[in-house]
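Notes follow once the structure below has been shown.
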Amino acid sequence: MGAGEHDGESLTVSSLLRWALWYFKNDKSKSWTENLRLIAKFDTVEDFWALYNHIQQPSKLGFGCDYCLFKDGVKPMWEDDKNKLGGRQQYKERLSIPIKLLIGYQSHDDTSSKSGSTTKNMYSV
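Residues are numbered in this note's numbering as their position in the sequence shown, beginning at 1, plus a constant of 181.
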């Protein structure tokens, strides 16, 4: 094959982990677990971007609704044994850390010890 050619197979970049994207709808008429829905799972950067480009952006979610990006096999809830020693950090910033740091372009050595991340559209005064 010449330069810039490939054998026709899909070229993908594998991430180190399989991830699951969850959505939490803030519907007060339902229980917390009924409001939590698994959207999709992915394990390549390409599959992540395909998913990301087809979901509602976090800034457009309804008040109190969340996206939760967790390692596959870990539910975004305190009752999951893998979250027993977990915590929740909440902070505001104008420029967020790109989500790509969590899914494969690791930003620090302890990324493998993190179970996931949640984003919430919140209003502040």
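Using N, Cα and C, we set each Cβ at its ideal position, and we do this for glycine too.
Between residue i and residue j, is the Cβ-Cβ spacing less than 7 angstroms?
| i | j | result |
| --- | --- | --- |
| D253 | A201 | yes |
| W213 | C249 | no |
| L219 | F205 | no |
| N207 | G267 | no |
What would DSSP say about residue i, mapped onto helix, strand or coil?
| i | result |
| --- | --- |
| W203 | strand |
| S232 | The question names Ser, but residue 232 in the sequence shown is Leu. The answer is helix: DSSP assigns L232 an H, G or I state. |
| K211 | coil |
| K256 | coil |
| K263 | helix |
Per DSSP, residue i is paired with what?
| i | result |
| --- | --- |
| K222 | A201 |
| L217 | F205 |
* To do: Kindly confirm or deny that the segment 223-231 and the segment 257-272 touch, where touching means at least three C-beta pairs closer than 8 angstroms.
  => no
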